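Heads up: the structure comes next, in C-alpha cells.
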Amino acid sequence: STIVLVFEAPKGQRPSFDEGYQEGKREGPGWEWNIEPGQHVKVGQALGQV
Amino acid sequence: LRAALRSTKVEWKPIPVGLGIASLGVLQFYRIQRREQARQEEEARQTAGGEGGQDGGKPKKRQRVRPTGPWSVQIMSTLPLKALSRLWGRFNELEIPYYLRVPGFKLYSFVFGVNLSEVSEPDLHAYPNLASFFYRTLKPGVRPLDPNPHAVLSPADGKVIQFGTIEHGEVEQVKGVTYSLDSLLGSQKPKTSGTSTPSGNTTPDTNIASSPQSPQPSSERSKEGSAEVIKDDEEFAQVNGISYTLPNLFSGDLSSSTTTQTPATDQSTAASPSSESEVRADLALRASEQPWWAPSFTKTPTALYYCVVYLAPGDYHRFHSPVSWVVESRRHFAGELYSVSPYLQRTLPGLFTLNERVVLLGRWRWGFFSYTPVGATNVGSIVINFDKELRTNSLLTDTAADRAAEEAARRGEAYSGFAEATYESASPLLRGHALKRGEEMGGFQLG
Numbered sequence: 052s053t054i055v056l057v058f059e060a061p062k063g064q065r066p067s068f069d070e071g072y073q074e075g076k077r078e079g080p081g082w083e084w085n086i087e088p089g090q091h092v093k094v095g096q097a098l099g100q101v
Numbered sequence: 002l003r004a005a006l007r008s009t010k011v012e013w014k015p016i017p018v019g020l021g022i023a024s025l026g027v028l029q030f031y032r033i034q035r036r037e038q039a040r041q042e043e044e045a046r047q048t049a050g051g052e053g054g055q056d057g058g059k060p061k062k063r064q065r066v067r068p069t070g071p072w073s074v075q076i077m078s079t080l081p082l083k084a085l086s087r088l089w090g091r092f093n094e095l096e097i098p099y100y101l102r103v104p105g106f107k108l109y110s111f112v113f114g115v116n117l118s119e120v121s122e123p124d125l126h127a128y129p130n131l132a133s134f135f136y137r138t139l140k141p142g143v144r145p146l147d148p149n150p151h152a153v154l155s156p157a158d159g160k161v162i163q164f165g166t167i168e169h170g171e172v173e174q175v176k177g178v179t180y181s182l183d184s185l186l187g188s189q190k191p192k193t194s195g196t197s198t199p200s201g202n203t204t205p206d207t208n209i210a211s212s213p214q215s216p217q218p219s220s221e222r223s224k225e226g227s228a229e230v231i232k233d234d235e236e237f238a239q240v241n242g243i244s245y246t247l248p249n250l251f252s253g254d255l256s257s258s259t260t261t262q263t264p265a266t267d268q269s270t271a272a273s274p275s276s277e278s279e280v281r282a283d284l285a286l287r288a289s290e291q292p293w294w295a296p297s298f299t300k301t302p303t304a305l306y307y308c309v310v311y312l313a314p315g316d317y318h319r320f321h322s323p324v325s326w327v328v329e330s331r332r333h334f335a336g337e338l339y340s341v342s343p344y345l346q347r348t349l350p351g352l353f354t355l356n357e358r359v360v361l362l363g364r365w366r367w368g369f370f371s372y373t374p375v376g377a378t379n380v381g382s383i384v385i386n387f388d389k390e391l392r393t394n395s396l397l398t399d400t401a402a403d404r405a406a407e408e409a410a411r412r413g414e415a416y417s418g419f420a421e422a423t424y425e426s427a428s429p430l431l432r433g434h435a436l437k438r439g440e441e442m443g444g445f446q447l448g
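Going line by line, the protein sequences match chains A and B.
This note's numbering puts the first residue of the first sequence at 52, with every later residue one more than the last.
This note's numbering puts the first residue of the second sequence at 2, with every later residue one more than the last.
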C-alpha cells in the first residue's frame with residue numbers, strides 16, 4: 052500500500068500584498084523537508100515543516 | 002485386488018494453496034478472455050450491420066488501461082489482479098486454529114519485521130485470522146506526535162519513496178518517471194457541499210457516470226473566487242476553492258506554472274498594475290488559465306509539494322491525518338490492483354494513476370491538501386473511517402463503474418473514471434469533515 056500526499060505550502064517569507072506584488076519575491080524560510088528518500092518513518096514523525 | 006487394496010498405503014497430502022490460487026486465476030483469465038472476445042465480435046457485428054452508434058448499438062464498456070513496461074509488467078497486466086486480491090482476502094479471513102495463532106503470527110512478525118511489543122493486544126490468541134492481525138492497533142503513546150504545530154506528520158509507518166516539489170503539474174516518480182496531477186487526482190475541480198448535515202455524512206454524486214474531462218470554464222472559475230480573494234490565512238478560513246491560482250506570482254517564477262503562454266502571463270506585465278483592483282482583475286484573468294489544483298493565491302507565495310510513503314506488509318496498516326485539515330470531497334478511482342512495491346514503482350510508469358485509489362481532497366491552513374491511499378494486490382481494500390458508504394475492491398463498485406461508463410458513452414461524453422462524494426459538516430464554515438493532526442483516518446485491509 053502507498054499513501055501519496057499533495058499539498059500546498061509557503062515557499063518563502065510572507066511579504067505584504069503590495070510589497071509582494073510590486074517588489075517581487077523576498078526569499079525566506081518556507082517549507083522544509085525533514086526526510087531523506089528511502090528513510091523509514093513512523094506515524095506522527097515530522098516529514099517537514101513550515 | 003483385495004490384497005492390493007489392503008497392502009497399498011494411502012497417503013493424504015493437501016493441495017498447495019498457491020496451486021489453487023493459480024488455477025482459479027487461470028480460470029478467471031480465460032473467462033475474461035472469452036467475454037472480451039464475445040464483446041468484440043458483437044461490436045464488429047453491429048458495426049458491419051450498420052447498427053452501431055449512440056442510439057441503436059450496445060454502449061462501450063469501461064476500457065481497461067494496459068500499462069507499458071518490461072515483460073514482468075506485461076505478464077502482470079494480464080492477470081486478474083482484483084480477483085486474486087479478493088481471493089487472498091477471503092483466504093486471510095479464514096479462522097486460524099487457536100493453538101496455531103501464536104506461532105503463526107510470530108513467524109509472520111519475524112519475516113516481515115513486526116514489533117510485537119507495540120501491539121495493543123499482547124495476547125496473539127485474540128486475533129482470529131491474519132486479516133485481523135494485519136489491521137491491528139497500537140498501544141496508546143507508542144507513536145508520539147511531533148510537537149511542532151507547523152509540521153506535516155507522517156500519515157503512516159512506512160518508507161519514504163519520493164518527495165519534492167510539483168512542477169509543471171507533474172509528480173516525479175522514482176527514476177524520473179512522471180505522472181500528471183490530473184491523472185492522479187482527476188482533471189476536474191471537486192464539487193463542494195452546500196447543505197449542512199451532521200459531520201461525516203457523505204453526499205454521493207448522483208451524476209458520477211461522466212463529466213467532461215476538460216477543466217471548468219474560465220468564467221465559472223473566476224466568478225467563484227472573486228468575492229473571497231486575499232482573505233486572512235487563519236486556519237480553515239482559506240480562500241474559497243481553488244480560484245485565483247497564481248502559484249509563483251511573488252517569486253516571479255511564472256515559467257513553472259502550467260499556464261499556457263499568453264500575453265497575460267508574461268512576467269513583464271505581472272508587476273505593471275498599480276491599483277489593487279487592477280491587480281485583482283489581472284489575477285482573475287490569469288486564474289482562468291490555471292488547473293484546479295494549482296496553488297491558491299493568498300498573501301503568502303506558495304508551491305505544491307508531494308510525498309509518497311510506502312507501507313510494507315509488516316507495517317502498521319492504519320493511516321492518520323498528517324495535519325489539521327478539512328476533507329471536502331473524495332474521489333474513488335476503481336482502477337486495477339497492481340503491486341505498489343518500490344520495484345514496480347520504478348518499472349511501471351504512472352503506477353499510482355492505474356491503481357485503485359481514494360483521493361481525499363480538502364484544504365488546510367496553507368491552501369490545497371490531498372491525501373491519496375493507493376491500493377495494491379495483496380492489500381485489497383481501503384477503509385475511510387468517516388465514509389461508511391465507500392466500498393473499494395468490490396464487485397459492486399466495478400459493476401457501477403461499468404454502468405457509469407456505459408451511460409457516459411450513451412450520452413456521448415467521456416468517462417471521468419471516478420465516483421465522487423462530498424462531505425458535509427454541521428458547521429457551514431467548515432464545508433467538509435474536519436480532521437485533527439494525528440487522528441486515525443482509516444486503513445488498508447486484507448482482501
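Ideal placement from N, C-alpha and C gives every residue a C-beta, glycine not left out.
Computed from a prediction, not measured in an experiment: that's the story for all the values here.
Quick check: the Cα distance between THR378(B) and ILE385(B), rounded to an integer number of angstroms?
For the purposes of this step, residue 378(B) is taken as residue 377 along the second sequence, with counting starting at 1. For the purposes of this step, residue 385(B) is taken as residue 384 along the second sequence, with counting starting at 1. One C-alpha to the other measures close to 18 angstroms.
Distance between GLY368(B) and HIS434(B) (C-alpha atoms, nearest Å):
Taking the second sequence and counting its residues from 1, the one referred to as residue 434(B) is at position 433. Taking the second sequence and counting its residues from 1, the one referred to as residue 368(B) is at position 367. A straight line joining the alpha-carbon of HIS434(B) with that of GLY368(B) spans about 16 angstroms.
Under 9 angstroms between C-beta atoms, does ILE385(B) make it to chain A?
On the second sequence, position 384 is the one that residue 385(B) refers to. Chain A contact via Cβ: absent.
According to the Cβ coordinates, are TYR136(B) and ARG319(B) closer than 9 angstroms?
Counting from one through the second sequence, the residue named residue 136(B) turns up at place 135. Counting from one through the second sequence, the residue named residue 319(B) turns up at place 318. Their beta carbons are under 9 angstroms apart, which means TYR136(B) touches ARG319(B) by this criterion.
Along chain A, in chain order, which residues have C-beta atoms closer than 9 angstroms to that of GLN41(B)?
On the second sequence, position 40 is the one that residue 41(B) refers to. Correct list: empty, because the minimum Cβ distance to chain A is about 34 angstroms.
Is the separation between the beta-carbon of LEU125(B) and that of VAL143(B) shorter than 9 angstroms?
Numbered from 1 along the second sequence, position 124 holds the residue referred to as residue 125(B). Numbered from 1 along the second sequence, position 142 holds the residue referred to as residue 143(B). No.
Checking the sheet assignment: what are the DSSP bridge partners for TRP89(B)?
Counted from its first residue, the second sequence places residue 89(B) at position 88. Paired residues: none, contrary to the question.
Identify whether GLY363(B) lies in helix, strand or coil by the three-state DSSP scheme.
Here the question's residue 363(B) lines up with position 362 in the second sequence. Here GLY363(B) sits in strand by DSSP.
Nearest neighbour of LEU28(B), chosen from PRO15(B), VAL11(B), LEU82(B) [CA to CA]
For the purposes of this step, residue 28(B) is identified with residue 27 of the second sequence, where counting begins at 1. Among PRO15(B), VAL11(B), LEU82(B), the Cα nearest to that of LEU28(B) belongs to LEU82(B).
Would HIS459(B) pass as an interface residue toward chain A - the criterion being a Cβ-Cβ separation below 9 angstroms?
No answer is possible for residue 459(B): it lies beyond the span of chain B, which begins at 2 and ends at 448.
Spell out the partners DSSP gives GLY159(B) in its beta bridges.
Counting from one through the second sequence, the residue named residue 159(B) turns up at place 158. VAL92(A).
Which residue wins for smallest C-alpha separation from THR373(B), given the options ARG366(B), THR354(B), VAL380(B)?
Stepping through the second sequence from its first residue, residue 373(B) is reached at position 372. Ranking ARG366(B), THR354(B), VAL380(B) by Cα distance to THR373(B) puts THR354(B) first.
Report the partner residues of VAL143(B) according to the DSSP bridge assignment.
Here the question's residue 143(B) lines up with position 142 in the second sequence. For VAL143(B), which the question treats as bridged, DSSP gives no partner whatsoever.
Once you ignore the five residues that flank ALA132(B) on each side, which residues in its own chain have a CB closer than 6 angstroms to its CB?
Mapped onto the second sequence, residue 132(B) falls at position 131. Counting only Cβ-Cβ distances below 6 angstroms, and skipping sequence neighbours, we find ASN93, GLU94, LEU447.
Closer than 7 angstroms by beta-carbon distance: list the chain A residues that pair up with THR303(B), in chain order.
The residue given as residue 303(B) occupies position 302 in the second sequence. GLU59, ALA60, PRO61, LYS62, listed in chain order.
Restricting to runs no shorter than 3 residues, where is the beta strand (DSSP E) found entirely within the region 308-378 of chain B?
319-321, 326-334, 358-365, 368-375
Tell me the DSSP secondary structure of LEU6(B) in three-state form.
Taking the second sequence and counting its residues from 1, the one referred to as residue 6(B) is at position 5. The answer is helix: DSSP assigns LEU6(B) an H, G or I state.
Could you tell me the distance, in whole angstroms, from the CA atom of PRO141(B) to the CA atom of LEU117(B)?
Here residue 141(B) corresponds to residue number 140 of the second sequence, with the count starting at 1. Here residue 117(B) corresponds to residue number 116 of the second sequence, with the count starting at 1. Going from the Cα of PRO141(B) to the Cα of LEU117(B) covers about 14 angstroms.
Do we get a CB-CB distance below 9 angstroms when we pair ARG144(B) with the residues of chain A?
The residue labelled residue 144(B) in the question sits at position 143 within the second sequence. Yes, its Cβ sits closer than 9 angstroms to a Cβ of chain A.
Using 8 angstroms as the cut-off, can you tell me whether the region 357-364 of chain B makes contact with the region 328-340 of chain B, which would need three or more C-beta pairs spanning the two stretches below that distance?
yes
For ILE76(B), write down the residues that DSSP places opposite it in a beta bridge.
Walking along the second sequence from the start, residue 76(B) turns up at place 75. BP columns for ILE76(B) are empty, so no partner.
Please tell me whether PHE164(B) has its Cβ less than 9 angstroms away from any Cβ of chain A.
Locating residue 164(B) in the second sequence gives position 163, where the first residue counts as 1. With 9 angstroms as the cut-off, PHE164(B) counts as an interface residue toward chain A.
What is the DSSP secondary structure of GLU441(B), reduced to helix, strand or coil?
Indexing the second sequence from 1 puts residue 441(B) at position 440. Reduced to three states, the DSSP call for GLU441(B) is strand.
Just grab the DSSP bridge partners of ALA97(A) for me.
Here residue 97(A) corresponds to residue number 46 of the first sequence, with the count starting at 1. ALA97(A) is bridged to LEU154(B).
What span of residues does the beta strand (DSSP E) with TYR424(B) cover, start to end?
Start at 1 with the first residue of the second sequence, and residue 424(B) comes out as number 423. Taken as a continuous stretch (DSSP letters only), the beta strand (DSSP E) holding TYR424(B) covers 419-425.
Name the chain A residues that come within less than 8 angstroms of LYS160(B), Cβ to Cβ?
As a first step, residue 160(B) must be located in the second sequence, where it is residue number 159. In chain order: GLY89, GLN90, HIS91, VAL92.
Could you name the residues of the same chain whose beta carbon sits closer than 6 angstroms to that of VAL380(B), not counting the 5 residues immediately before and after it, in chain order?
By 1-based counting over the second sequence, the position of residue 380(B) is 379. Closer than 6 angstroms at Cβ, skipping near neighbours: PHE445.
Terminal residues of the continuous beta strand (DSSP E) containing ALA435(B)?
Numbered from its first residue, the second sequence carries residue 435(B) at position 434. Start and end: 434-436.
Is it right to say LYS62(A) is buried, meaning 16 or more other beta carbons lie within 10 angstroms of its own, or is it exposed?
Here residue 62(A) refers to the residue found at position 11 when the first sequence is read from its first residue. Looking at its Cβ environment, which holds 16 or more other Cβ atoms inside 10 Å, LYS62(A) is buried.
Same chain, Cβ closer than 7 angstroms to MET77(B), neighbours up to 5 away in sequence not counted
Within the second sequence, the letter at position 76 stands for residue 77(B). Cβ within range, chain order: TYR339.
Distance CB(GLU59(A))-CB(TYR100(B)) smaller than 9 angstroms:
If you number the first sequence from 1, residue 59(A) lands on position 8. If you number the second sequence from 1, residue 100(B) lands on position 99. Contact: no.
Drop a sphere of 10 angstroms on the beta-carbon of GLU425(B), count the other beta-carbons inside from all chains shown, and report buried for 16 or more, exposed for fewer.
Here residue 425(B) refers to the residue found at position 424 when the second sequence is read from its first residue. By the 10 Å Cβ count, GLU425(B) comes out buried.
Tell me whether the region 4-15 of chain B and the region 150-170 of chain B touch, counting them as touching only if at least three CB pairs, one residue from each stretch, are closer than 8 angstroms.
Taking a contact to require three or more Cβ pairs closer than 8 angstroms, the region 4-15 of chain B and the region 150-170 of chain B do not qualify as touching.
Taking the Cβ atom as the reference point for each residue, do PRO343(B) and TYR317(B) lie within a distance shorter than 9 angstroms?
On the second sequence, residue 343(B) is found 342 positions in, with the first residue counted as 1. On the second sequence, residue 317(B) is found 316 positions in, with the first residue counted as 1. It is not a contact, given that the beta carbons lie outside the stated cut-off.
At a Cβ cut of 9 angstroms, what residues of the region 368-379 of chain B count as close to chain A, listed as they run along the chain?
Residues of the region 368-379 of chain B that bring their beta carbon within less than 9 angstroms of a beta carbon in chain A comprise GLY368, PHE369, PHE370, SER371, TYR372, THR373, PRO374, VAL375, GLY376, ALA377, ASN379, in sequence order.
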